[in-house]
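Some notes on the structure that comes next.
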Amino acid sequence: MILRFGKYGLAAPVLNALVRHTPLLDGDGQGAPPRAINYSADGQFIIQGDLLVGDISRRTPLDPGLRILDIGCGIGRLATALHRHRPGVIYTGFDVVRYGIEWCRKRLRDAPDFRFDHVDVRNRFYNPLGRINAESFHFPYDDNSFDLAVAISVFTHLLEDDTRRYFAEGIRTLRPGGRAYFTTFLPPDTIPQAAHFEFRHRIGAAMVERLEEPEMAVGYPLEFWEGLAAEHGARIAFLDRGSWTGQAGLPDYQDVLIFEKLR
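My numbering applies: residue 20 is where the sequence shown begins, and numbers increase by one.
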């Protein structure tokens with residue numbers, strides 16, 4: 020936790036400046052950020068990005084002109100893969116880690132339809148000094164302005180109030196008929212012994228792995244998501260289980276929920 024606070028808190032202004040004004044953290048030339056600032060997929064940045072684009076496109080077409088909102092875009096794992104494989108999409112991503120946004124802007128500066136926004140939302144792990152509370156954060160985008168919203172490993176680090184807010188805002192920004200591709204943990208009634216998490220503790224509707232660091236891994240029962248969808252005029256269109264429970268042969272680690280906005 021102390022190392023995280025140093026990297027994402029005290030040292031963040033230095034990393035921001037290094038990324039923005041020097042070539043020291045530009046990466047290996049293959050499209051991946053250097054390990055020192057890579058907080059998305061570790062050493063498999065390119066591979067995981069390509070797999071993610073393939074996974075999303077199996078469930079919803081990524082046609083030219085599609086307007087995509089990447090909630091918590093990190094350091095551009097999805098964005099760089101989309102730029103390689105689906106350059107005709109119109110992409111907007113935001114994140115709480117400024118140097119991640121600075122790196123994306125620099126890496127994809129020649130992609131006019133790719134936009135990256137920094138939001139100073141407080142997060143215990145990734146932006147401990149942020150000024151804005153997540154539970155009151157208003158996404159800086161108009162209603163009905165996107166065709167697809169994506170949130171990869173975002174809700175797995177948010178407690179209930181923040182999750183409710185992010186879900187509501189994500190659906191608000193979708194056009195009617197638009198879809199949301201959200202990953203989460205859906206703990207079953209009986210968690211297998213081979214599962215990577217046990218989720219023994221409850222904080223409201225949230226099921227957490229560790230009470231001392233609750234945002235480290237957060238899950239919600241399926242009924243929670245069904246209720247949220249109904250509340251905000253959406254429905255669950257698809258559900259795919261992930262391999263975190265220890266089940267082999269599944270393509271995704273986290274569970275995947277795809278919502279459709281009805282109105």
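Backbone N, C-alpha and C define an ideal beta-carbon position, used for all residues, glycine too.
Taking only the alpha-carbon atoms, compute the straight-line gap between residue i and residue j and give it to the nearest angstrom.
i, j, result
"L34", "Y118", "6 Å"
"D259", "D274", "6 Å"
"T99", "L247", "31 Å"
"D284", "P106", "Because residue 284 is not part of the residues shown, which for the chain are 20 to 282, the question remains open."
"I277", "V169", "9 Å"
"Q67", "G91", "16 Å"
"D208", "F218", "11 Å"
"H104", "A199", "20 Å"
"F174", "T202", "7 Å"
"P147", "R184", "19 Å"
"V72", "E232", "31 Å"
"I171", "G223", "22 Å"
"F158", "H137", "11 Å"
Closer than 6 Å by C-beta to residue i: which residues in its own chain qualify, once you throw out the five before and the five after it? Chain order, please.
i, result
"T264", "P211 and A214"
"P195", "K280 and R282"
"N163", "R194"
"Y272", "G261, S262 and W263"
"F135", "G112, I120, C123 and R124"
"H251", "A187 and I190"
"Y160", "T192"
Taking the alpha carbon of residue i as the reference point, which residue from the options has its own alpha carbon closest?
i, options, result
"I109", "D166, E217, F257 and R221", "D166"
"L193", "H157, R282, E250 and Y145", "R282"
"L81", "F204, P52, H102 and A236", "H102"
"P206", "L241, I222, L230 and A267", "L241"
"E179", "V227, D208, F158 and L148", "V227"
"R254", "G268, G68, A187 and R96", "A187"
"V115", "V72, L127, D89 and R126", "D89"
"I190", "P53, A267, I87 and A224", "I87"
"A130", "R78, Q266 and G95", "G95"
"H176", "Y160, G149, G197 and Y145", "Y145"
Spatial neighbours of residue i within its chain, please: CB distance less than 8 Å, with the 5 preceding and 5 following residues excluded, ordered by chain position.
i, result
"L70", "P270"
"L127", "G95, A98, T99, H102, F133 and F135"
Helix, strand or coil: which one does DSSP assign to residue i?
i, result
"D139", "coil"
"A248", "helix"
"D166", "strand"
"L177", "coil"
"L81", "coil"
"Y200", "strand"
"H215", "coil"
"V116", "coil"
"G268", "coil"
"G238", "strand"
"Y185", "helix"
Please return the same chain residues whose Cβ sits closer than 7 Å to the Cβ of residue i, not counting the five positions on each side in sequence.
i, result
"L230", "H220"
"N152", "R141"
"G268", "none"
Under 8 Å between C-beta atoms, does residue i make it to chain C?
i, result
"L85", "Although the question refers to chain C, the structure presented lacks it and comprises just one protein chain."
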